[in-house]
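Each remark here refers to the structure printed beneath this line.
Number of protein chains: 2
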Amino acid sequence: MNKMLPDSTLPERTRSSTEYLLAAEEAALQAKRADPHSPYYIPPSATPDPTLQRRHFLMGAMAVVGAGAIRQARAAAPAGAVAREVPADATKVQGTPVGDDGGYGTRSQFETEVRTLYPNPTTFSSWTMTPLEKGMGIITPSGLHFERSHGGTPTIDPSKHSLYVHGMVKQPKKYSMADLKRFPSISRVHFIECSGNGLTEWSKPTLKTVQGTHGLTSTSEWTGVPLSTILGEVDVRSGAKWLLAEGGDAAVMTRSIPLEKAMKDCFLAYGQNGEAIRPEQGYPIRLMVPGYEGNMHIKWLRRLEISDKPFMTREETSKYTDLRPNGKAVQFSFEMDAKSVITSPSGEMQLDGAGFYEITGLAWSGRGRVKRVEVSTDGGKTWKEAQLQGPIMSICHTRFRFPWKWNGRETVIQSRCIDETGYMQPTLKQLVNLRGLNGPLGSIYHLNAIQSWKIANDGKVSNVHQS
Amino acid sequence: MNKMLPDSTLPERTRSSTEYLLAAEEAALQAKRADPHSPYYIPPSATPDPTLQRRHFLMGAMAVVGAGAIRQARAAAPAGAVAREVPADATKVQGTPVGDDGGYGTRSQFETEVRTLYPNPTTFSSWTMTPLEKGMGIITPSGLHFERSHGGTPTIDPSKHSLYVHGMVKQPKKYSMADLKRFPSISRVHFIECSGNGLTEWSKPTLKTVQGTHGLTSTSEWTGVPLSTILGEVDVRSGAKWLLAEGGDAAVMTRSIPLEKAMKDCFLAYGQNGEAIRPEQGYPIRLMVPGYEGNMHIKWLRRLEISDKPFMTREETSKYTDLRPNGKAVQFSFEMDAKSVITSPSGEMQLDGAGFYEITGLAWSGRGRVKRVEVSTDGGKTWKEAQLQGPIMSICHTRFRFPWKWNGRETVIQSRCIDETGYMQPTLKQLVNLRGLNGPLGSIYHLNAIQSWKIANDGKVSNVHQS
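From first to last, the protein sequence lines are chains B and A. All the letters of the first sequence, read from the start, carry residue numbers 1 to 467 under the working numbering. All the letters of the second sequence, read from the start, carry residue numbers 1 to 467 under the working numbering.
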């Protein structure tokens with residue numbers, strides 16, 4: 001049963017050199033520690049309490065090292081980075097010591113991409129978009145997850161936050177964050193997409209980059225408690241069919257969610273990409289409603305009310321509905337349909353002449369797994385299957401890649417997603433024929449049409465609508 | 001073929017209210033933009049160049065908003081967070097506006113976990129450890145990925161960095177970062193584990209938390225170019241069997257890697273968790289050698305040399321070898337054997353009385369997928385199968401969970417991993433019987449024994465060796 005693999009039978013050597021070097025290295029380190037001019041100097045007054053020591057050291061490193069050169073340099077670095085001097089030859093100088101960042105690292109000062117405001121910074125905005133053109137793989141860095149709020153990001157002390165569950169239940173309950181974290185947990189890698197993703201693009205190509213046209217979707221590994229566990233605890237009464245989720249932000253954001261969905265796969269997420277959920281994503285807890293409109297994933301969740309009918313909140317009556325050509329609006333259009341976009345090459349990029357390029361992008365569906373992605377490099381005349389990066393997860397960004405040799409002549413590149421239900425991402429024309437153009441921007445929500453990028457003769461890439 | 005799902009047939013409502021609200025909201029926003037006392041005020045002098053506008057706005061936001069309250073508050077926040085005032089009722093005040101973070105978000109000020117130095121801050125250290133006890137799911141936040149360097153973290157300008165590939169090749173080549181990024185890419189979710197993970201724990205239980213005993217392993221989604229692509233380009237000569245990988249840090253870290261492994265699954269990673277690889281992980285590029293010792297994943301990679309024999313560098317002769325009872329050392333012990341650890345409850349935690357607890361932890365193997373994890377709550381007398389969180393990926397942390405009702409009496413909890421090769425994680429006694437205790441700390445590298453956590457009658461959890 002306990003089968004241990006044999007140890008390596010590769011070359012052996014004698015023991016002496018290791019011992020010598022360990023001793024020599026230790027002596028050298030001790031010397032550094034005793035030298036007040038060394039960055040490794042440990043003052044003799046250091047307290048022996050290990051907890052205090054750690055705190056002291058970290059605070060000390062931040063206060064002392066940080067106050068001078070590094071703190072000053074920080075102002076010149078992009079958001080989320082620390083500016084450091086760049087040596088002519090990095091092999092000739094000691095690098096930044098471990099722990100210099102206070103124990104929580106930042107990105108390189110040479111990486112400058114940021115979430116951007118819509119549509120440009122001279123306009124008021126309540127969302128920022130993920131720079132998908134810079135993305136790699138499927139995980140969105142938490143610092144770049146798109147952001148959408150209706151009253152800004154609240155600052156909430158998790159030790160004082162609670163979730164109240166009531167309504168058509170036999171046992172209303174109030175949970176602290178500590179209570180919620182004691183329940184069995186799950187982790188799921190899911191995208192969240194704002195139903196307004198692409199809203200500028202209905203009538204004419206408007207924003208120039210994929211960040212503008214598609215940057216309201218992001219993917220994280222989310223961890224939390226299945227909502228079914230909580231609903232089981234409060235003992236939902238028969239006849240209950242809906243659930244109100246309410247956020248603790250200035251907008252007191254509310255949406256009605258079918259109880260069937262709540263029981264199926266919703267969960268209360270307190271973790272994002274291996275740490276606590278980020279403030280702008282709902283810290284300390286948000287509702288995950290996999291595959292449904294982003295706005296239903298209520299952030300800063302503080303209340304769940306169970307009922308036999310929907311609550312007809314502002315966000316599901318006056319907002320987040322879809323006008324149809326007959327002047328009426330479809331309500332409760334929950335699911336995000338299958339979609340894909342080429343993220344490279346994409347708008348505003350510049351190809352460096354004819355030759356090999358890897359076309360890559362993301363595909364996703366609110367209805368399950370991506371089954372296939374097809375790419376056209378001739379404006380939709382012919383389509384070829386792209387390679388999908390595994391593992392392909394349900395309701396999750398899926399990275400596709402397609403090798404392409406550009407002949408240097410003007411063309412249009414496109415991708416389309418086919419999900420496991422058999423649904424194929426439509427052309428814009430098909431979508432407009434079905435849904436009409438009735439909103440202030442054409443239409444508003446649920447634009448999932450094929451995106452066209454034109455490659456000009458000079459290699460410039462731009463956002464176009466395919467005629 | 002193009003089967004479109006029908007639109008929702010849920011309730012409809014008339015158009016008027018949407019239009020009214022959109023107009024009213026727009027008017028309110030315009031008023032805010034014109035009000036110099038509003039945070040949304042846009043000065044009339046804003047330049048019309050959209051690129052400049054964005055930069056202007058972000059720099060402006062950081063300089064103006066940042067200089068006062070927020071910048072000052074930052075000093076009081078933990079690393080990687082921004083301190084903000086906590087309102088008594090967050091629903092009654094406007095939250096932090098989008099873009100206030102410069103477009104790159106940070107964690108909550110209430111989250112304080114950090115990588116820690118080994119063994120404590122009064123000792124010189126060249127590594128920091130991931131706080132696994134705080135982890136959720138399988139992704140390690142990039143800011144908390146364990147860190148190990150031999151000369152500190154170099155600061156490298158990617159536009160000036162290049163990779164030279166030479167030796168037993170027909171066509172030596174030098175690649176810029178831009179060159180490397182044009183090749184077809186792959187993404188893989190892999191752990192990297194330092195072969196010294198747990199080195200304090202051979203002879204007696206030493207460090208108190210799982211961060212100390214196991215924190216030199218972390219998991220990221222890595223993106224880059226298969227090494228086989230590059231080796232194909234330079235056209236490796238027949239007879240070549242090894243490859244030297246050299247880093248551009250102050251240690252000029254070097255290791256020999258078998259060519260067979262290089263061709264099989266090694267890759268040159270420039271991406272980590274959806275953005276550029278972090279400085280302390282090898283920015284702008286590191287070698288991934290999946291499943292092998294962490295030190296072989298050469299960071300800040302600048303040179304690859306192909307040869308017919310290993311290079312016998314310092315790091316594979318005097319260091320990173322394993323002493324055996326006969327006084328000789330095993331060299332080239334590349335693979336990280338199957339391992340697991342319970343991360344909660346774990347050392348220094350305090351159980352709040354008898355009752356339900358979810359036991360959770362991580363399992364991994366350098367030889368492939370985790371097949372099974374077993375948990376014992378009676379000090380190894382009986383074992384039960386834990387639930388594994390899918391998808392289970394090869395050479396990747398796998399989250400396991402096990403529901404447990406603690407009876408309030410002293411016991412020892414343990415986990416053991418069985419990987420797809422059939423290997424079962426050994427007890428410490430089995431491992432010591434096989435390998436001996438010959439290093440300055442007992443032994444040094446490749447400790448993958450079962451970890452025991454004692455739960456005392458009062459609920460206190462501590463690191464013990466099972467007799």
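Note that the Cβ used here is the ideal one computed from N, Cα and C, for glycine as well. Owing to the predicted nature of the structure, the values given are computational and were not obtained by experimental measurement.
Roughly how far, in whole angstroms, is the beta-carbon of A/Glu335 from the beta-carbon of A/Gly366, given that I think they are within contact range, below 8 angstroms?
4 angstroms
Just verifying my parser: in three-state terms, what is the DSSP assignment at A/Leu22?
Note that A/Leu22 scores a pLDDT of 40, beneath 50, so its modelled location is shaky; the value from the coordinates is reported in the next line. A/Leu22: helix per DSSP, three-state reduction.
Check the DSSP bridge columns for B/Lys454 and list the partner residues they point to.
BP columns for B/Lys454 point to B/Val412, B/Ser462.
Measuring CA to CA, which of B/Ile230, B/Thr200, B/Ile138 is closest to B/Lys173?
B/Ile230
Using CA coordinates, which residue listed in B/Gly143, B/Ser256, B/Gly361, B/Thr223 is at the minimum distance from B/Pro279?
B/Gly143
Pull up the DSSP beta-bridge partners for A/Pro97, would you.
Answer is none; A/Pro97 lacks a bridge partner.
Enumerate in chain order the residues of its own chain whose CB-to-CB distance from B/Gln451 is below 6 angstroms, with the five nearest sequence positions on each side excluded.
Val341
Relative to the alpha-carbon of A/Val370, which residue among A/Trp406, A/Met424, A/Thr317, A/Gln331 has its alpha-carbon at the smallest distance?
For the options A/Trp406, A/Met424, A/Thr317, A/Gln331, the alpha carbon positioned closest to that of A/Val370 is the one of A/Met424.
Say whether chain A places a C-beta atom closer than 8 angstroms to the C-beta of B/Ser8.
Since pLDDT at B/Ser8 reaches only 39, below the 50 mark, its modelled position is unreliable, and the value read off the structure follows with that caveat. Yes, B/Ser8 counts as interfacial toward chain A.
Comparing the C-beta of A/Gln451 with each C-beta of chain B, is any distance below 8 angstroms?
no
Below 8 angstroms, how does it come out for the stretch 413 to 433 of chain A and the stretch 307 to 322 of chain A: are there three or more Cβ pairs, yes or no?
Contact annotation: the stretch 413 to 433 of chain A does not touch the stretch 307 to 322 of chain A, with fewer than three C-beta pairs closer than 8 angstroms.
Does DSSP put B/Gly68 in a helix, a strand or coil?
Residue placement at B/Gly68 is poorly supported in this model, since its pLDDT is 33, which falls under 50; the coordinates still yield a value, given next. Reduced to three states, the DSSP call for B/Gly68 is helix.
Kindly say whether B/Tyr175, judged by its beta-carbon, lies nearer than 8 angstroms to any beta-carbon of chain A.
no
Nearest-angstrom Cα distance between B/Gln94 and A/Thr153?
8 angstroms
What residues in its chain sit with their C-beta under 7 angstroms from that of B/Gly353, if we drop five residues either side in the sequence?
Gly408, Gly459
Return the residue from the list B/Val234, B/Leu207, B/Gly436, B/Leu244 that minimises the CA-CA distance to B/His446.
B/Gly436
Around the C-beta of B/Glu111, are 16 or more other C-beta atoms found within 10 angstroms, so that it is buried, or is it exposed?
buried
Less than 8 angstroms between CB atoms is the rule here; does B/Met336 satisfy it with respect to chain D?
No chain D is present in this structure, whose protein chains are B and A.
Using the beta-carbon of each residue, which ones in chain B are nearer than 8 angstroms to A/Ser187?
Met136, Gly137, Ile138, Gln389, Arg399
In chain order, what residues of the same chain lie with their CB nearer than 7 angstroms to the CB of B/Met129, ignoring the 5 residues before and after it?
Arg115, Thr116, Tyr118, Phe146, Gln211, Gly212, Gly215, Leu216
Bridge partners of B/Val373, per DSSP?
B/Cys417
Assign B/Met4 to one of three DSSP states: helix, strand, or coil.
Note that B/Met4 scores a pLDDT of 40, beneath 50, so its modelled location is shaky; the value from the coordinates is reported in the next line. Coil.
Does any CB atom of chain B fall closer than 8 angstroms to the CB of A/Ala292?
A small correction: the amino acid at residue 292 of chain A is Tyr; Ala does not occupy that position in the sequence shown. Not one chain B Cβ lies under 8 angstroms of A/Tyr292.
Quick check: A/Glu374 and A/Trp383, are their CB atoms within less than 8 angstroms of each other?
Yes. Within cutoff.
Taking the alpha helix (DSSP H) that A/Glu234 belongs to, which residues open and close that run?
The sequence shown places Val at residue 234 of chain A, not Glu. 227 to 234 is the extent of the alpha helix (DSSP H) around A/Val234.
Using a 10 Å radius around the Cβ and a threshold of 16 neighbouring Cβ atoms, would you call B/Val189 buried or exposed?
Result: buried.
For A/Phe356, is the classification buried or exposed, using 16 other Cβ atoms within 10 angstroms of its Cβ as the cut-off for buried?
exposed
What do you get for B/Asn457, buried or exposed, if any count of 16 or more other CB atoms within 10 angstroms of its CB means buried?
exposed
Which residues of chain B have a Cβ atom closer than 8 angstroms to the Cβ of A/Met393, listed in chain order?
Simply Pro391.
Taking contact to mean 3 or more Cβ pairs, one atom from each stretch, closer than 8 angstroms, check whether the stretch 324 to 334 of chain A and the stretch 299 to 306 of chain A are in contact.
no
Give the straight-line distance between the Cα atoms of B/Thr254 and B/Glu410, rounded to the nearest whole angstrom.
B/Thr254 and B/Glu410 have their C-alpha atoms some 48 angstroms from each other.
Any residues in the stretch 245 to 274 of chain B with a beta carbon nearer than 7 angstroms to a beta carbon of chain A? Which ones, in chain order?
Gly248, Asp249, Ala250, Val252, Gly271, Asn273, Gly274
If you measure from the beta carbon of B/Ser307 to each beta carbon in chain A, is any gap under 8 angstroms?
Not closer than 8 angstroms to any Cβ of chain A, the Cβ of B/Ser307 fails to qualify, so no.
Here's the rule I'm using: 16 or more other beta-carbon atoms within 10 Å means buried, otherwise exposed. How should B/Gly196 be labelled?
buried
Would you mind working out which of A/Ser203, A/Gly239, A/Trp222 sits nearest A/Gly282, comparing C-alpha positions?
A/Trp222
Let me check one thing: in DSSP terms, what residues is B/Ile192 bridge-paired to?
B/Ser218
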